[in-house]
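Per our numbering, residue 1317 is the first one in the sequence shown, and the count goes up by one each step.
Glycine included, C-beta positions come from ideal geometry on N, C-alpha and C.
Treat the numbers as computed from the prediction; the structure is a model and nothing was measured.
Here's the structure, in structure tokens; my notes come after.
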Amino acid sequence: MKRACFYQRLLVLLAYAHVCFSKTPETVVDTLLGVLFVHTYGDRTPLTLLPIEEENNKYWESLAGSGRGELTTKGIKQMHGLGKLLKERYMLGATNSKILPKQVETQERSSFRAESVSSGRCLRSVAALHSGLFSTGSVGNQIVPIYPTNLHLEIPTDELCPRVAQLRDEKQVSDKWKHEETRSRTLIDKLSVLVSLWPHLKGLSLIDIQNIQDPLRCDANHNLNMPKGVTDDDYKNLTRLNNWVREEVMCASDAEKRLYSGN
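Structure (structure tokens):
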């Protein structure tokens, strides 16, 4: 499995156990101390809109209450369903998998805590998950306090971190980067028409690929048509290229991992 950046979809269940040894080493007692669920947000709207996608843009703009990069109704249902799945599996399931405390079924919530990046899509995702986990049926009914953290959700900007700009500039003149850009030039040139109406982009480079892949990925998740001339193979190759760029920019070195993960 490739190294995963924080953008990857993931769900991790960690059960902490305290191991107590008695005088006889043959007897070991495991005591569950806590359970930690780590998850990302649900389906969201695009971070950017492509000017050439007029019909699709009308669809995204019609979603009431959803701005750029915000949780959609589909995303709310996803997170609610995930909460129900966790409840059924780890509280109502087989005896050996019942690791959630009984407080889930009562109103004793003091032992539960949620932390989230202070972004609308993240906070709403946590609330939707709680609505399924605690069977409230209401996303807005906050049962467990949600504590926003100071973690950066988006990619650090040049203004916030000059070191990010330095590493990125060094990356773009490396032989490996130039080789991939040459190998993908046909695809890049074909897709450049999608951003031809953006005055701030004079040409499309590898570093700009995410600005195209993100809205097309959101389109695909909502069964919207691809722009005219963009084939399924183009989209697959674009996704592969975007993943490669993210891996190279954010995860290729220890320095980049620290900068982009906030550690």
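Beta-carbon within less than 7 Å of residue i's beta-carbon, same chain only, minus the 5 sequence neighbours each way: which residues are those?
| i | result |
| --- | --- |
| residue 1363 | 1384, 1385, 1530 |
Please report how far the alpha carbon of residue i lies from the alpha carbon of residue j, in whole angstroms.
| i | j | result |
| --- | --- | --- |
| residue 1571 | residue 1565 | 11 Å |
| residue 1439 | residue 1357 | 9 Å |
| residue 1450 | residue 1360 | 23 Å |
| residue 1353 | residue 1526 | 28 Å |
| residue 1462 | residue 1444 | 12 Å |
| residue 1423 | residue 1378 | Reliability of the predicted coordinates at residue 1423 is poor, the pLDDT of 47 falling under 50, and the value obtained from them is presented with this limitation in mind. Taking the straight line joining both Cα atoms gives about 38 Å. |
| residue 1371 | residue 1491 | 40 Å |
| residue 1376 | residue 1501 | 30 Å |
| residue 1436 | residue 1392 | 12 Å |
| residue 1414 | residue 1429 | 19 Å |
| residue 1486 | residue 1561 | 14 Å |
| residue 1494 | residue 1554 | 17 Å |
| residue 1581 | residue 1406 | Look at the range of the chain in this structure, 1317 to 1579, and you will see that residue 1581 is not part of it. |
Quick check on the burial criterion: 16 or more other C-beta atoms within 10 angstroms. Buried or exposed for residue i?
| i | result |
| --- | --- |
| residue 1621 | There is simply no residue 1621 to check, as the chain begins at 1317 and stops at 1579 in what is shown. |
| residue 1369 | buried |
| residue 1446 | buried |
| residue 1347 | exposed |
| residue 1489 | exposed |
| residue 1441 | buried |
| residue 1558 | buried |
| residue 1505 | exposed |
| residue 1535 | buried |
| residue 1569 | exposed |
Leaving out five residues before and five after residue i in sequence, what residues of the same chain have Cβ atoms less than 8 Å from its Cβ?
| i | result |
| --- | --- |
| residue 1390 | 1358, 1359, 1537, 1538 |
| residue 1448 | 1395, 1396, 1397, 1398, 1399, 1400, 1401, 1402, 1403 |
| residue 1477 | 1575 |
CB residue i to CB residue j, shorter than 8 Å?
| i | j | result |
| --- | --- | --- |
| residue 1522 | residue 1497 | yes |
| residue 1550 | residue 1503 | yes |
| residue 1366 | residue 1528 | yes |
| residue 1532 | residue 1520 | no |
Which runs of the alpha helix (DSSP H) at least 4 residues long sit entirely within the region 1534-1578? Give them in chain order. You should have 1548-1566, 1570-1577.
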